[in-house]
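Count along the sequence shown starting at 1, add 1255, and that's the number in my numbering. Working notes, structure below.
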Amino acid sequence: MSKIWTAVLVVSVILLANPGMCQHFDFDTTDVNASVLVRDLVLTGRHIEEGDELGVFTPEGLCAGATVINNPEQGIGLAAWGDDGLTPEIDGFREREEYNFRYWDDSEEAETDIEGIFLLEGSPTWQASDIVILDMEEGGRHYTPTPTGNRHHIICSGVTIFEGDNRFPPGDLDQIGIITPGGVPAGLIVWDADEEMAAGWAFGDDPETGEVVEGFVEGESFTFRFWSRDGGWDTLATAFIVDGDTCFVDQDTLYHNIVPHETTVELELRGSPAPRIPDTPASFVLKGIYPNPMNRAGWVSLVLPYPSVVRLELFDLCGRKVGVLFDRQLPGGERRVRIDPGGFASGEYVCRIIVSGQNRSMRLIFMK
């Protein structure tokens, strides 16, 4: 964590210990908290102004901390207060509870749930004295990598979209997904139309999570996908390595400093991508697994905005991958994928669904 962000976070939490500073969100302070820094906050169609408020909530909807926004360009810091075990009522977070955030627009007098929360550092659930750094974007991101401590820097020096004899540049906030050979989204680059290039991180796999694969392993090649924010389409891009490593390289440790490797690429998109199916969302939706629990064959129900490769992976609760239930191309639209628990023992599992560099997970119980 940089010294600048650490200083902003510490000062912000000290200043925000008094709940009286907030006019909209109401919460109690206790003797324990986690420190949260929102590095970047993007609200679609809304300008972030001084005097607005950001609140953090428990899964039960209890406000457990908030701050008045003063200078959003310097980051937004707040304390997420923990429950006071000496009082009978619940007045804050309990260990391992998930964070939820809401934004108060003071001029519009409107409150908004923020669903796109992207962890950069710290635990994804509440822990006493933890330091958490987040990015937030209302409406979320198309590609959803899992940040790890092993990173490879990717610079995209240009994107050219060919359609016939015509060339088009990428649009503002279009996204580039960095995908592993196994189809896992392991990196993200967000394009800024005011800049000539953009950069992001490709994340390596975390060996401490066992057989759960979050990112690249040493020597794996990069695959790039491109998502058009305005067009709502997602397609594979052709990549040309301009400089640097041609595959993922684990970070080196040199004099106690982490030195990430770097790759510069240019991307080309040729031909018209498959059009999005009418009346479908911009990204795939997991509707559910039925029945759940199941003792015979069941179904995974999902909505695909365009033809996509769908892969279903099964993990036990220790994070070990125990099998692949499905892996092939499906047409766009509402689809049902048949799954059969016959080869697996009774118990609780996690089913991960991967579609075009995005993934969703859902608990699944087999009963025989």
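We treat Cβ as the ideally placed atom computed from N, Cα and C, and that holds for glycine.
For this session: Just mark glycine 1438 as buried or exposed, buried being the case when its beta carbon has 16 or more other beta carbons within 10 Å.
Result: Residue mapping note: residue 1438 aligns to position 183 of the sequence shown, counting from 1. Label assigned to glycine 1438: buried.
Exercise. Quick one: what does DSSP say glutamine 1506 is sitting in, helix, strand or coil?
Worked result: Along the sequence shown, read from residue 1 onward, the residue named residue 1506 stands at position 251. Coil.
Exercise. How about leucine 1559 and phenylalanine 1581: are their beta carbons less than 7 Å apart?
Worked result: For the purposes of this step, residue 1559 is taken as residue 304 along the sequence shown, with counting starting at 1. For the purposes of this step, residue 1581 is taken as residue 326 along the sequence shown, with counting starting at 1. No.
Problem set entry | Per DSSP, cross-strand counterpart(s) of glutamate 1463 | On the sequence shown, position 208 is the one that residue 1463 refers to. The partner list for glutamate 1463 (beta bridge, DSSP) is empty, contrary to what the question assumes.
For this session: May I ask you to list the residues that DSSP assigns as paired with glutamate 1353?
Result: Indexing the sequence shown from 1 puts residue 1353 at position 98. Glutamate 1353 pairs with Thr1380.
For this session: Please confirm if the stretch 1308 to 1323 is in contact with the stretch 1413 to 1428, defined as three or more CB-CB distances below 8 Å between the two stretches.
Result: The stretch 1308 to 1323 makes no contact with the stretch 1413 to 1428: fewer than 3 CB pairs, one atom from each, lie closer than 8 Å.
Problem set entry | Where methionine 1276 falls: helix, strand or coil (DSSP) | Within the sequence shown, the letter at position 21 stands for residue 1276. In the three-state reduction of the DSSP assignment, methionine 1276 falls in the helix class, which pools H, G and I.
Problem set entry | glycine 1505 versus alanine 1365 - alpha carbon distance | What you label residue 1505 is simply residue 250 of the sequence shown in a count that begins at 1. What you label residue 1365 is simply residue 110 of the sequence shown in a count that begins at 1. Sequence check: residue 1505 is aspartate here, not glycine. Between aspartate 1505 and alanine 1365, the C-alpha separation is close to 45 Å.
Exercise. Alpha carbon to alpha carbon, what distance is there between aspartate 1489 and valine 1610?
Worked result: Here the question's residue 1610 lines up with position 355 in the sequence shown. Here the question's residue 1489 lines up with position 234 in the sequence shown. Counting only the Cα atoms, aspartate 1489 lies some 11 Å from valine 1610.
For this session: Please classify glycine 1432: is it buried, with 16 or more other beta-carbons within 10 angstroms of its beta-carbon, or exposed?
Result: Within the sequence shown, numbered from 1, the residue matching residue 1432 stands at position 177. Glycine 1432 is buried by the Cβ-count criterion.
Exercise. In angstroms, rounded to a whole number, what distance separates the CA positions of arginine 1615 and leucine 1569?
Worked result: Taking the sequence shown and counting its residues from 1, the one referred to as residue 1615 is at position 360. Taking the sequence shown and counting its residues from 1, the one referred to as residue 1569 is at position 314. Whole-angstrom Cα-Cα distance: 12 Å.
For this session: Put proline 1596 into one of helix, strand or coil per three-state DSSP.
Result: Your numbering for residue 1596 matches position 341 in the sequence shown. Assigned with DSSP and collapsed to three states, proline 1596 falls in helix.
For this session: Could you tell me if arginine 1551 is buried or exposed, where buried requires 16 or more neighbouring beta carbons within 10 angstroms of its beta carbon?
Result: One-based indexing of the sequence shown puts residue 1551 at position 296. With fewer than 16 Cβ atoms within 10 Å of its Cβ, arginine 1551 is classed as exposed.
Problem set entry | Per-residue DSSP class, three states only, for glutamate 1523 | Numbered from its first residue, the sequence shown carries residue 1523 at position 268. Correct three-state label for glutamate 1523: strand.
Problem set entry | Spatial neighbours of aspartate 1427 in its chain, beta-carbon cut-off 6 Å, leaving aside the 5 residues before and after | Along the sequence shown, read from residue 1 onward, the residue named residue 1427 stands at position 172. Ala1448.
Problem set entry | Neighbourhood of glutamate 1603 by C-beta distance below 7 Å, restricted to the same chain and skipping five residues each side | Here residue 1603 refers to the residue found at position 348 when the sequence shown is read from its first residue. Excluding residues within five positions, the ones whose Cβ falls inside 7 Å are Leu1572, Arg1618 and Ile1620.
For this session: Please find out if some non-hydrogen atom of the ligand FMN comes closer than 6 Å to the beta-carbon of arginine 1484.
Result: The ligand FMN is not part of the structure shown, which contains no ligands of any sort.
Exercise. For tryptophan 1488, which residues does DSSP report across the bridge?
Worked result: In the sequence shown, the residue the question calls residue 1488 occupies position 233. Here tryptophan 1488 is not bridged, per DSSP, to any residue.
For this session: Kindly provide the ranges of any beta strand (DSSP E) runs that are 3 or more residues long and lie completely inside the stretch 1381 to 1459, ordered along the chain.
Result: Qualifying beta strand (DSSP E) stretches, in chain order: 1386 to 1392, 1406 to 1418, 1421 to 1423, 1430 to 1434, 1440 to 1445 and 1453 to 1458.
Exercise. Using CA coordinates, which residue listed in Arg1593, Asp1286 and Ala1453 is at the minimum distance from glycine 1347?
Worked result: Here the question's residue 1347 lines up with position 92 in the sequence shown. Checked all of Arg1593, Asp1286 and Ala1453; the closest Cα to glycine 1347 is Asp1286.
Exercise. Hey, isoleucine 1444 and glycine 1455: beta-carbon distance below 7 Å or not?
Worked result: Here the question's residue 1444 lines up with position 189 in the sequence shown. Here the question's residue 1455 lines up with position 200 in the sequence shown. Yes. Within cutoff.
Exercise. Hey, quick one: how far does the beta strand (DSSP E) through arginine 1294 stretch, first residue to last?
Worked result: As a working mapping, residue 1294 is identified with position 39 in the sequence shown. Per DSSP, arginine 1294 belongs to the beta strand (DSSP E) from 1288 to 1297.
For this session: Could you tell me if glycine 1442 is buried or exposed, where buried requires 16 or more neighbouring beta carbons within 10 angstroms of its beta carbon?
Result: For the purposes of this step, residue 1442 is taken as residue 187 along the sequence shown, with counting starting at 1. Counting Cβ neighbours within 10 Å, glycine 1442 comes out buried, since at least 16 surround it.
Problem set entry | Anticipated Cβ contact below 8 Å, arginine 1294 with isoleucine 1409, distance rounded | Here residue 1294 refers to the residue found at position 39 of the sequence shown. Here residue 1409 refers to the residue found at position 154 of the sequence shown. Not confirmed; about 19 Å, so no contact.
Exercise. Who are the Cβ neighbours of phenylalanine 1282 in its own chain at under 7 Å, not counting the five residues just before and after it?
Worked result: Your numbering for residue 1282 matches position 27 in the sequence shown. Only residues of its own chain outside the window of five on either side were considered, and among them Pro1274, Cys1318, Ala1319, Gly1320, Ala1321 and Trp1336 have a CB closer than 7 Å to the CB of phenylalanine 1282, listed in chain order.
For this session: On the DSSP bridge assignment, give the partners of serine 1483 in chain order.
Result: Reading the sequence shown from its first residue, position 228 is the one you call residue 1483. None, per the DSSP bridge assignment.
Problem set entry | Cut-off 6 Å between Cβ atoms - residues of its own chain near arginine 1601, not counting five sequence neighbours on either side | In the sequence shown, residue 1601 corresponds to position 346, counting from 1. Note that residue 1601 is serine in the sequence shown, not arginine. Excluding residues within five positions, the ones whose Cβ falls inside 6 Å are Phe1621, Met1622 and Lys1623.
Exercise. Taking Cβ to Cβ, would you say aspartate 1429 is nearer than 7 Å to arginine 1480?
Worked result: The residue labelled residue 1429 in the question sits at position 174 within the sequence shown. The residue labelled residue 1480 in the question sits at position 225 within the sequence shown. Aspartate 1429 places its beta carbon 7 Å or farther from that of arginine 1480.
For this session: Give the C-beta separation of threonine 1403 and aspartate 1461 to the nearest angstrom, bearing in mind that I take them to be a contact with Cβ-Cβ under 8 Å.
Result: Taking the first residue of the sequence shown as 1, we reach residue 1403 at position 148. Taking the first residue of the sequence shown as 1, we reach residue 1461 at position 206. About 4 Å separates the CB atoms of threonine 1403 and aspartate 1461; that is less than 8 Å, so the two are in contact.
Exercise. Who are the Cβ neighbours of glutamate 1305 in its own chain at under 7 Å, not counting the five residues just before and after it?
Worked result: Counted from its first residue, the sequence shown places residue 1305 at position 50. Ile1324 and Asn1325.
Exercise. Should serine 1290 go down as buried or exposed, given a rule of 16 or more other Cβ atoms within 10 Å for buried?
Worked result: Sequence index remark: in the sequence shown, residue 1290 carries index 35 (1-based). By the Cβ-count criterion, serine 1290 is buried, with 16 or more other Cβ atoms from all chains shown falling within 10 Å of its own Cβ.
Problem set entry | Cross-strand partners of glutamate 1603 (DSSP beta bridge) | Mapped onto the sequence shown, residue 1603 falls at position 348. Ile1620, per the DSSP bridge assignment.
Exercise. Taking DSSP as the reference, what is the three-state secondary structure of glutamate 1364?
Worked result: If you number the sequence shown from 1, residue 1364 lands on position 109. Coil.
Problem set entry | Cut-off 8 Å between Cβ atoms - residues of its own chain near arginine 1590, not counting five sequence neighbours on either side | As a position in the sequence shown, residue 1590 is number 335, starting the count at 1. Excluding positions up to five away in sequence, the list reads Ser1556, Leu1557, Val1558, Leu1559 and Val1565.
Exercise. Cα separation between phenylalanine 1599 and leucine 1567?
Worked result: Along the sequence shown, one-based indexing puts residue 1599 at 344. Along the sequence shown, one-based indexing puts residue 1567 at 312. Going by the C-alpha atoms only, they are around 15 Å apart.
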